[in-house]
Structure formats: C-alpha cells, structure tokens
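Engineer:
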Amino acid sequence: FAKFYLKQTEEVFSELSVADAVKAADGISIYAKAASSTGIFGALWDISEDLRIGFQVSLEDILFHQETIECCEVYDKNPYLISSVGTVLFVTDRPEELIGKLSESSEECRVIGHLEKGNEKKIISYVDGEQEVRHLDSPRNDELGEFTGGYRLS
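Numbered as in this note's numbering, the sequence shown ends at 1337 without a single skipped number.
1) Check the C-beta distance from E1269 over to V1201 and give it rounded, since I have them as a contact under 8 Å.
2) Enumerated in chain order, which unbroken segments of the beta strand (DSSP E) with a length of 3 residues or greater are wholly contained in the region 1210-1293?
3) What's the gap between the Cα of D1320 and the Cα of E1253?
4) Whose C-beta lies closer than 6 Å to the C-beta of C1292 among residues of the same chain, with five residues either side of it excluded?
5) Can you tell which of A1208, A1215, E1243 and Y1309 has its C-alpha closest to the C-alpha of Y1263?
6) Please name the residue, chosen from E1280, C1255, H1248 and R1317, that lies closest to S1308 on a Cα-to-Cα basis.
7) Where does L1246 land, buried or exposed, given buried means 16+ other C-beta within 10 angstroms?
8) For K1304, report the span of its beta strand (DSSP E) as first-last.
9) V1310 and S1212 - do their beta-carbons sit closer together than 9 Å?
10) To the nearest whole angstrom, what separates the beta carbons of I1295 and V1240, a pair I think is in contact under 8 Å?
11) Just to confirm, are K1304 and S1231 a CB contact at a threshold of 9 Å?
12) Apart from the five residues just before and just after D1229, which ones in its own chain have a Cβ nearer than 7 Å to its Cβ?
13) If you draw a straight line from the C-alpha of K1206 to the C-alpha of E1313, how long is it?
14) From the beta carbon of E1313, is the nearest beta carbon of chain D less than 9 Å away?
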C-alpha cells in the first residue's frame, strides 16, 4: 500500500472509540459486545450464547470502512472473521433511539438484524438477487490466528 493510504488507514482506526459508543448507548442498550478481538461473527456468536437466543443478521447491513475491505482483499481474508477494532454490537428494544444517540456522538451505526426465539444463528445475504440463508457454526480459529474462538458459516 502507498504511504498516504497507510496513513489514512491509521487515522480511521485512531478515531474509533468503543468506550464512547458504549457511553452514548447507556440506558438504551440492554447488551453491548465489542468485536475488537473476536470479529463480527465472533461477537454475534457471543451475544447469542450469552443471551441464549437466536438471531437473523443481514450481511449487507453490516458497516465496514473501505480500508478494511481493501486490506482483506489484498490478504485474502474475510472481514467478518477478523478482529474488528472499534466495533460494538448492541442489543436494544429501542433501535431508532439508539441510532439517534450514537449519531449525535458521530458514531456510524445501523440496524443489522434482530433476535429470534430459539438458538438459530442466521446470516442472510443476497446472491444474484436471490436470498441466501446460512447459519453461523460453532467456533473455529480466526483467519488471522489472533484468538482461539473464530467462526465459520455452514
């Protein structure tokens, strides 16, 4: 990568603050999980296990910085399976209020899914305009080898 691009990438990561997001969500969120060491799929798995409930999440609704996508493409890594520093997943029954509060503190956010009765961990994506439902499987090693609880889709 060019030096300018690397500097720009460093600036993106230095702006991310899990503590600020959690503080902004205080009183609105009923559960928060940082994805810094487990990645998005790891955080989703942990939420489901901790709350003993299933979920349905849309891959298209998950936000990534362009720098993350480009780095993952170069190194042939899945962005959902790597450490996601600065990312927090919240569970709330007041999503509009939470989004408004996080937006006030300059945090990018959106609803990516919802909880469901049972323990199915559904990941929704669209391939050639057709909806595809996959299930998050039990932990495996992550793609960067930085933690012992990675996750894969079946």
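Ideal placement from N, C-alpha and C gives every residue a C-beta, glycine not left out.
Structural biologist: Walking through what the data contain:
1) As written in the sequence, residue 1269 is Gly, which differs from the Glu given in the question. Rounded, the Cβ-Cβ distance is 6 Å, consistent with contact.
2) 1214-1217, 1237-1241 and 1271-1274
3) 26 Å
4) I1282 and L1285
5) E1243
6) R1317
7) exposed
8) Secondary structure note for K1304: its beta strand (DSSP E) is the uninterrupted segment K1304 to V1310.
9) no
10) 5 Å
11) yes
12) K1216 and T1221
13) 39 Å
14) The chain inventory of the structure shown lacks chain D, comprising one protein chain alone.
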